[in-house]
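Asks: Under this note's numbering, the first residue of the sequence shown is numbered 46, with each subsequent residue one higher. We put the CB at the ideal spot given by N, CA and C, even for glycine. Given the structure is predicted, the values throughout are model-derived calculations rather than measurements. Here it is, the structure in full.
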Amino acid sequence: MSRQAGLSAKITAHSTSIMCQDTDLKGDITISEGVVIHPKATILALGGPIEVGKNCIIEEGAIIINRSPNVLRIGEYNQFMVGCRTSHIYFADWTGIEADSIGDWNTFQPRSTVSAGLVISNHCTFSAGTTSFPASSHTHEASDGLQTETETIPPYTVVYGANSDKRKWDGTNQLAEQNLREKHIEYLREIVPK
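What follows is the structure, encoded as structure tokens:
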């Protein structure tokens, strides 16, 4: 793990979480039980703290950044696949996941992009290479004084295809998917270098 000079680091990790040696963690970060962080993953709490819920998987090249003074809460059993990014503030030239809040059991596939201003509910899937932005109909003033647009992505939303179309998943085989994710986490705990 690396630390940046001048940035006060307070990393709190549960004893059952696994963080590989070649990760980049900076700022006020809380990692809950069972979380697996692969080598080359980056979590930067540059503004407010980041709280990662239990049993999340953060794969190689995934970057989680919080530049806002607000807490970025990531729910339980989320999977951040290779090359995705989450940040609390949107910058036009960034790619990756940039949500304000993330619920439980979500999947962010490789190179998926979600801009700031989106609140991700539960059981959502952002397919590889998709891009999501908030609708411009909901504007509020954030605690940092900036005007921001927010949109809540409803539970069971699937974003897919070249045009980032949205559809609703009916929950078919949800239990099988959850069991597979839990087995995946168990397997990673055994093989990931600590």
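Taking the C-alpha atoms as reference points, what is the distance between E78 and T152?
Replies: Residue mapping note: residue 78 aligns to position 33 of the sequence shown, counting from 1. Residue mapping note: residue 152 aligns to position 107 of the sequence shown, counting from 1. Rounded to whole angstroms, E78 to T152 spans 19 Å at the Cα level.
Asks: Relative to the C-alpha of C65, which candidate in A54, T87, I198 has its C-alpha closest?
Replies: For the purposes of this step, residue 65 is taken as residue 20 along the sequence shown, with counting starting at 1. Of the candidates A54, T87, I198, the one whose C-alpha sits nearest the C-alpha of C65 is T87.
Asks: Beta-carbon separation of I56 and I82 under 7 Å?
Replies: Residue 56 sits at position 11 when you count from the first residue of the sequence shown. Residue 82 sits at position 37 when you count from the first residue of the sequence shown. No, the Cβ-Cβ distance between I56 and I82 is not below 7 Å.
Asks: Measure the beta-carbon distance from V159 to A144 and round it to whole angstroms, keeping in mind my assumption that it falls under 8 Å.
Replies: As a position in the sequence shown, residue 159 is number 114, starting the count at 1. As a position in the sequence shown, residue 144 is number 99, starting the count at 1. At roughly 5 Å, the Cβ-Cβ gap stays under 8 Å, so V159 and A144 are in contact.
Asks: Nearest-angstrom Cα distance between N224 and T61?
Replies: Your numbering for residue 224 matches position 179 in the sequence shown. Your numbering for residue 61 matches position 16 in the sequence shown. Computed Cα separation, rounded: 19 Å.
Asks: Can you check which of these residues, P179, R226, P199, K85, is closest to D215 by C-alpha distance?
Replies: Taking the sequence shown and counting its residues from 1, one reaches residue 215 at position 170. Out of P179, R226, P199, K85, P199 has the C-alpha closest to the C-alpha of D215.
Asks: Sort D69, L91, G162 by Cα distance to P179 and report the nearest one.
Replies: Locating residue 179 in the sequence shown gives position 134, counting from the first residue. Checked all of D69, L91, G162; the closest Cα to P179 is G162.
Asks: Return yes when the Cβ of I95 is within less than 7 Å of the Cβ of L117, no when it is not.
Replies: Start at 1 with the first residue of the sequence shown, and residue 117 comes out as number 72. Start at 1 with the first residue of the sequence shown, and residue 95 comes out as number 50. Yes, the Cβ-Cβ distance between L117 and I95 is below 7 Å.
Asks: In the structure shown, what three-state DSSP assignment does N224 receive?
Replies: Reading the sequence shown from its first residue, position 179 is the one you call residue 224. Helix, per DSSP.
Asks: Compute the beta-carbon to beta-carbon distance between I230 and N100, rounded to the nearest angstrom, for a pair I have assumed lies under 8 Å.
Replies: The residue you call residue 230 lines up with position 185 of the sequence shown. The residue you call residue 100 lines up with position 55 of the sequence shown. Yes, they are in contact, since the Cβ atoms of I230 and N100 sit about 5 Å apart, within 8 Å.
Asks: If we count the other Cβ atoms within 10 Å of its Cβ and call it buried at 16 or more, is T202 buried or exposed?
Replies: Mapped onto the sequence shown, residue 202 falls at position 157. The residue in question, T202, is buried, as its Cβ has 16 or more Cβ neighbours within 10 Å.
Asks: Go ahead and label R212 buried or exposed: buried means 16 or more other beta carbons lie within 10 angstroms of its beta carbon, across all protein chains shown.
Replies: Numbered from its first residue, the sequence shown carries residue 212 at position 167. The residue in question, R212, is exposed, as its Cβ has fewer than 16 Cβ neighbours within 10 Å.
Asks: What span of residues does the beta strand (DSSP E) with Y205 cover, start to end?
Replies: Counted from its first residue, the sequence shown places residue 205 at position 160. 202 to 205 is the extent of the beta strand (DSSP E) around Y205.
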